[in-house]
Structure formats: C-alpha cells, structure tokens
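Data first, discussion second: the structure below is written as structure tokens.
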Amino acid sequence: MKYRNDKYGNALSVLGFGCMRFQKKVGRIVMQETERQVMQAFRNGINYFDTAFIYPGSEAAIGEIFQKNGIREQVHIATKIPPALIRSLEILDKLLDEQLKRLRTDYIDFYLFHMMADVKTWNRLQEMGIEQWISDKKACGKVRQIGFSFHGDTEHFCRIIDAYDWDMCLIQYNYMDEHTQAGRRGLVHAHEKGIPVMIMEPLRGGKLVNDLPARAEQTFASHAVQHTPAQWALRWLWDQPEVTVVLSGMNTDEMVRDNIQTACDTQVGELTQADREMLAEVVRHINSSMKVGCTACNYCMPCPQNINISGTFAAYNKRYAKNKAAGLKDYARLTAQYAPASACIGCGKCESHCPQSISIRAQLREVSEEMDGTAVRILGKTMGLFKK
Ligand code: SF4
Ligand code: SF4
Numbered sequence: 000m001k002y003r004n005d006k007y008g009n010a011l012s013v014l015g016f017g018c019m020r021f022q023k024k025v026g027r028i029v030m031q032e033t034e035r036q037v038m039q040a041f042r043n044g045i046n047y048f049d050t051a052f053i054y055p056g057s058e059a060a061i062g063e064i065f066q067k068n069g070i071r072e073q074v075h076i077a078t079k080i081p082p083a084l085i086r087s088l089e090i091l092d093k094l095l096d097e098q099l100k101r102l103r104t105d106y107i108d109f110y111l112f113h114m115m116a117d118v119k120t121w122n123r124l125q126e127m128g129i130e131q132w133i134s135d136k137k138a139c140g141k142v143r144q145i146g147f148s149f150h151g152d153t154e155h156f157c158r159i160i161d162a163y164d165w166d167m168c169l170i171q172y173n174y175m176d177e178h179t180q181a182g183r184r185g186l187v188h189a190h191e192k193g194i195p196v197m198i199m200e201p202l203r204g205g206k207l208v209n210d211l212p213a214r215a216e217q218t219f220a221s222h223a224v225q226h227t228p229a230q231w232a233l234r235w236l237w238d239q240p241e242v243t244v245v246l247s248g249m250n251t252d253e254m255v256r257d258n259i260q261t262a263c264d265t266q267v268g269e270l271t272q273a274d275r276e277m278l279a280e281v282v283r284h285i286n287s288s289m290k291v292g293c294t295a296c297n298y299c300m301p302c303p304q305n306i307n308i309s310g311t312f313a314a315y316n317k318r319y320a321k322n323k324a325a326g327l328k329d330y331a332r333l334t335a336q337y338a339p340a341s342a343c344i345g346c347g348k349c350e351s352h353c354p355q356s357i358s359i360r361a362q363l364r365e366v367s368e369e370m371d372g373t374a375v376r377i378l379g380k381t382m383g384l385f386k387k
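Note that numbering that gives the first Met the number 0 gives residue 182 to position 183 of the sequence shown, counting from 1, and the numbers run on in steps of one.
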C-alpha cells in the first residue's frame, strides 16, 4: 500500500474504504462478507474507513468489526453528520455521542459536516457557535480532526475552504467531474492552503465502469496501454499529488483485491498526454449517451410512492448507452418490485437530497414517456409473478 500524509503528518492509505455500499440483503448489511472484505483491506494496509450517520447500519457495522478484531487503534475512522440535523449544539452533542456508541469508540479521527453545498450552511453553523464546539470536542478528545464533504460548485467550495481552518475535506472528483463540483480548481485551492483533500465517487457511482457505451469501450480497447476502466479512473486520481485518499465503496472480494493492486502500482505523474486524450474521448462518448447523471447514492430514497429512483435512472441510461432492449429489460425487472416512473406524484421530497442537483421529477416524467409502455408493465408484472 502507498500512503500520503494528513495535515498533521499521519500516514493515510491512498485507498480508503468507502462504507456506503456494503453488501445488503433485504436492507440489512451482510456482516460476514463485509467483515471479510474490511479485514482483507486492513491486512493489505488500508487504514482509512469512511462512513456517515445516514448510511443505514454502516457505523454500527464497522464499530462491531473493529472491536471484534481489536484494530480500532490502527485505523482512522471518518464519519459525517448532516448540517440539517444540527438544530442546536445540544442536539449535535447527542448525535455525536450516538455515533461514538455505534462506532464503539471514544473518538472519531475525522468528523465531517455532510454534504455542504454552499457557504450559507457554514455561516448558520458559525452563528450557532460551532467553532467553539469544535474546539471543545478536540480538547476533550472526542473529535481529532474536522472537515466537510462537499457537493456544490467551485465558487462555494473555495469560499467554504477560506472560511475556516479546516483539517481536511471530501469532494466528488473523477475524470468526468474534472471541471464540475469542486473540480480541479477547488482541489488545487485546498491543497495550496495545506488542507488534505479526500476523494469520493472516483467511479462516479459506477458510471465510469458499468454499462459503458460501446464507443467508450472501443476507446479503452484500442489504447496502447491496457487497464480496466476502474483502474484508469483510480490511476487518473492518484496521478495527482494534490489528492490524499481516494475512497472506493467496495463490496466484493475481487473489488478490494483489484483496487489494492492498483493503489500499489500507481505513481504520481505517470499518466501521459496520450492517456489523458484517451480519457477525454471516453468522457465525450459517455456524455453523448448519458441521460441522467445519477451516481446511485440513494440519498433521495425512500420515495413515498415506492419508486426506485436510482434503479430507474440506471435502466434509462442503459437504454441509451447500450441498447433499447437492454434498458427496457432492466426497467421491467425493476418495476416488478417497485412502482414505475409514472407513479411519481411530484411531492419533491427527493430533490432537496440529491447531491447531483438532478431534477428528479422532470427526469422521471421523461422516463415515463419513453419507458412506461404497456408491454414493459406487463413484462414487469409477469416477471414478478414468476419470482413468487
Ligand atoms: S417527487 Fe416523485 S420520485 Fe420524488 S419522492 Fe416524490 S413521488 Fe417519489
Ligand atoms: S437521483 Fe440524486 S440522490 Fe438519487 S440516487 Fe441519483 S444521485 Fe443520488
């Protein structure tokens, strides 16, 4: 494993374990597999684990695994709290204590305000007295470093970075988002101020790996240097010295093994001009066929109408990236279990939670017009009956 330093010189593995996508069955984390993968990662040098208050069961799962295997002191835990839940500092005290309890620990290495999107949110916390709260929690040892995760534009990112003496931050960054969200400009700005930047969504929720359009696959296949799409996405990040830790939401043994191998093999500055041009071409192909930029984070769920929003968008994207039949087949399978896009009542509950600012209602209307055909609904129902 390779390591890069945090603000205080602690060595962090360049590959961090993102704990949002642990394997689940009927909504519950599959503990046996998760423990095996977490320990496989730990034994291979991964020492950074990222979770959040709102990832169902995730804090409790890693708390249990670290305690059972006696490795708490050898790993760094990053967890997050959404500012929307911080209605007062007394409430925040209770939330932090709940997180410590779930994580079975006395301290959190990296405590982040989750999904900040604009400087207004930080100003509200400041008015509440959050800076003193942070000092107190650091002094009593419950929190070691403070940061924030970000989904917004570059301007707001830079303003938040400049508004406080942060220990770290977490941004969505990958070769498709080089100039969106915090972007390369935000990354460099934070780095120049000495603030370590951790990366989430390195594969853009699988968009850079799964169901790639045929032309993107051909571009990879005809390049002089051969790596898998996932390896290219990770290599693009570790090539940049301003990146500290790259989180990967791993949930298979193979994924853990492959990502560790890539982390061990990759050097800063190894990508050539030809590699960059090849990736730019891949981006053009993905953009020309992608209908909805959903990263399958599921922050918008649950929908009161039982629409599987991310699954619906994945099927819709597949229809354009692959072919019509493949997309319709996935959609039919999905609507055997969930409501179709046409069931959306436009309540808007989902949209304020979407870190990608997707107009979910409008997009669902589009999906409905193109895919809620009678044939699909019948096929979906038929498949549902077969399942029973
Ligand atoms: S707007 Fe539609 S998709 Fe969103 S939560 Fe409401 S019913 Fe569900
Ligand atoms: S629509 Fe937005 S919130 Fe919902 S899964 Fe996709 S990216 Fe996440």
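Just so you know, even glycine gets a beta-carbon here, dropped at the ideal spot from N, CA and C.
For residue i, the first and last residue of its enclosing alpha helix (DSSP H)
i: Gln31; result: 30 to 42
i: Tyr330; result: 323 to 334
i: Val315; result: One point to set straight first is that residue 315 is Tyr, not Val, in the sequence displayed. Run containing Tyr315: 308 to 320, per the alpha helix (DSSP H) assignment.
i: Arg360; result: 359 to 370
i: Cys18; result: It is not in any alpha helix (DSSP H) - Cys18 carries neither H nor E in the DSSP assignment.
i: Asn286; result: 272 to 288
i: Gln230; result: 228 to 237
Secondary structure of residue i, DSSP reduced to three states
i: Arg183; result: helix
i: His155; result: helix
i: Leu211; result: coil
i: Val300; result: Here residue 300 turns out to be Met, not Val, going by the sequence shown. Coil, per DSSP.
i: Phe52; result: coil
i: Gly204; result: helix
i: Gly146; result: strand
i: Asp108; result: strand
i: Ser247; result: strand
i: Arg103; result: coil
i: Val242; result: strand
i: Arg71; result: helix
i: His113; result: strand
i: Lys79; result: strand
i: Arg123; result: helix
i: Gln260; result: helix
i: Ala223; result: coil
i: Met254; result: helix
i: Ala295; result: coil
i: Ile133; result: helix
i: Ile85; result: coil
i: Gly66; result: Just to set this straight, residue 66 is Gln in the shown sequence, not Gly. Of the three classes helix, strand and coil, the one that applies to Gln66 here is helix, per DSSP.
Neighbour-count burial assignment, residue i, 16 or more Cβ in a 10 Å radius
i: Ser134; result: exposed
i: Thr120; result: buried
i: Ser351; result: exposed
i: Val224; result: exposed
i: Asn250; result: buried
i: Arg275; result: exposed
i: Asp96; result: exposed
i: Gln355; result: buried
i: Ser247; result: buried
i: Cys349; result: buried
i: Lys93; result: exposed
i: Pro212; result: buried
i: His188; result: buried
Delimiting residues of the beta strand (DSSP E) encompassing residue i
i: Lys1; result: Counting along the chain, Lys1 falls outside any beta strand (DSSP E), and DSSP gives it neither H nor E.
i: Val267; result: Here Val267 belongs to no beta strand (DSSP E), and DSSP marks it neither H nor E.
i: Leu397; result: Shown here, the chain extends from 0 to 387; a query on residue 397 therefore has no answer.
i: Gln171; result: 167 to 171
i: Met197; result: 196 to 199
Min CB distance residue i to chain C below 9 angstroms
i: Ser134; result: Judged by its chain identifiers, the structure shown contains no chain C, having just a single protein chain.
Report task. Assess, as a yes-or-no matter, whether the region 288 to 303 is touched by the region 95 to 106 under the definition of 3 or more beta carbon pairs within less than 8 angstroms. Result -> no
**Report entry** At least three beta-carbon pairs within less than 8 angstroms, the region 146 to 158 to the region 108 to 125
**Finding:** As far as the Cβ criterion goes, the region 146 to 158 touches the region 108 to 125, which means the pair count is three or higher.
**Report entry** Validate contact between the region 196 to 208 and the region 156 to 172 using beta carbons, cut 8 angstroms, 3 pairs
**Finding:** yes
Report task. Can you list the residues near ligand 1, meaning Cβ strictly closer than 6 angstroms to any non-hydrogen atom, in the order they appear in the chain? Result -> Cys302, Pro303, Gln304, Ile306, Ile308, Cys343, Ile344, Gly345, Cys346, Gly347, Lys348, Cys349, Ile359, Arg360, Leu363
Query raised in the report: If you pair each beta-carbon of the region 270 to 278 with each one of the region 45 to 52, do three or more pairs fall below 8 angstroms?
Result: no
Query raised in the report: Just checking, does the region 86 to 97 make contact with the region 316 to 335 on the three C-beta pairs under 8 angstroms criterion?
Result: The region 86 to 97 makes no contact with the region 316 to 335, as fewer than three CB pairs between them are under 8 angstroms.
Report task. Examine the Cβ distances between the region 293 to 302 and the region 317 to 325 and report whether three or more of them are shorter than 8 angstroms. Result -> no
Query raised in the report: Any chance the region 55 to 62 sits against the region 16 to 33, with 3 or more Cβ pairs inside 8 angstroms?
Result: yes
Query - Given 8 angstroms, three or more beta-carbon pairs between the region 203 to 210 and the region 226 to 245 - result: yes
Query raised in the report: Do the region 152 to 168 and the region 60 to 69 meet, that is, are 3 or more Cβ pairs less than 8 angstroms apart?
Result: The region 152 to 168 is not in contact with the region 60 to 69.
Query raised in the report: For the 8 angstroms Cβ check, are there 3 or more pairs between the region 305 to 323 and the region 235 to 255?
Result: no
Query raised in the report: Contact between the region 302 to 311 and the region 333 to 345: three or more CB pairs below 8 angstroms?
Result: yes
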